[in-house]
Every structure is written in C-alpha cells, then in structure tokens.
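Q:
In the working numbering, the protein residues as written are 407 to 475.
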C-alpha cells in the first residue's frame, strides 16, 4: 500500500482534495476491514468509512488554509 503524505499533498495551491487523488482501493478496504473487525456490521463499517472520507473532503479547504497560514 502506498503511504499518503497529506500535508504535502494538501499544500499544493489551488487543489483542495489532492490528498484523495492517490488513495487506493486497497487502502479503503484495509480501513473498512479494520473498522469491521471492531464489531460493526458490514454496512455500518462502510458508512463509517464513507462518512470519514466525506468529512475529510468537506474540511479539506480549511485544512489547506491552516497549513498555508
């Protein structure tokens, strides 16, 4: 699996969601399995992953601003 360096990716000017450009299916499945192994159903684990991605993307602009300033 590829390691993500979100700080360097997010700091590129004009690109708010760069940190998600290089996320692989393997990384998503790894996190889904990890969440599911804690006792959540398949559907609940998937919703947790989707919610996390959505929140990260929603706040990517403010994270980029904080890094740049």
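For each residue, glycine too, the CB sits at the ideal point set by N, CA and C.
Could you give the first and the last residue of the continuous alpha helix (DSSP H) run that contains residue 445?
A: Here residue 445 refers to the residue found at position 39 when the chain shown is read from its first residue. First-last for residue 445: undefined, no H or E at that position.
Q: Could you check the C-alpha separation between residue 441 and residue 451 for me, to the nearest Å?
A: Within the chain shown, the letter at position 35 stands for residue 441. Within the chain shown, the letter at position 45 stands for residue 451. Going from the Cα of residue 441 to the Cα of residue 451 covers about 6 Å.
Q: In whole angstroms, what is the alpha-carbon distance linking residue 433 and residue 456?
A: Residue 433 sits at position 27 when you count from the first residue of the chain shown. Residue 456 sits at position 50 when you count from the first residue of the chain shown. Rounded to whole angstroms, residue 433 to residue 456 spans 13 Å at the Cα level.
Q: Residue 431 to residue 467, Cα distance in whole Å?
A: In the chain shown, the residue the question calls residue 431 occupies position 25. In the chain shown, the residue the question calls residue 467 occupies position 61. Those two C-alpha atoms are separated by around 23 Å.
Q: How long is the line joining the alpha carbons of residue 439 and residue 448, rounded to whole angstroms?
A: Taking the first residue of the chain shown as position 1, residue 439 is located at position 33. Taking the first residue of the chain shown as position 1, residue 448 is located at position 42. Distance between the alpha carbons of residue 439 and residue 448 is about 9 Å.
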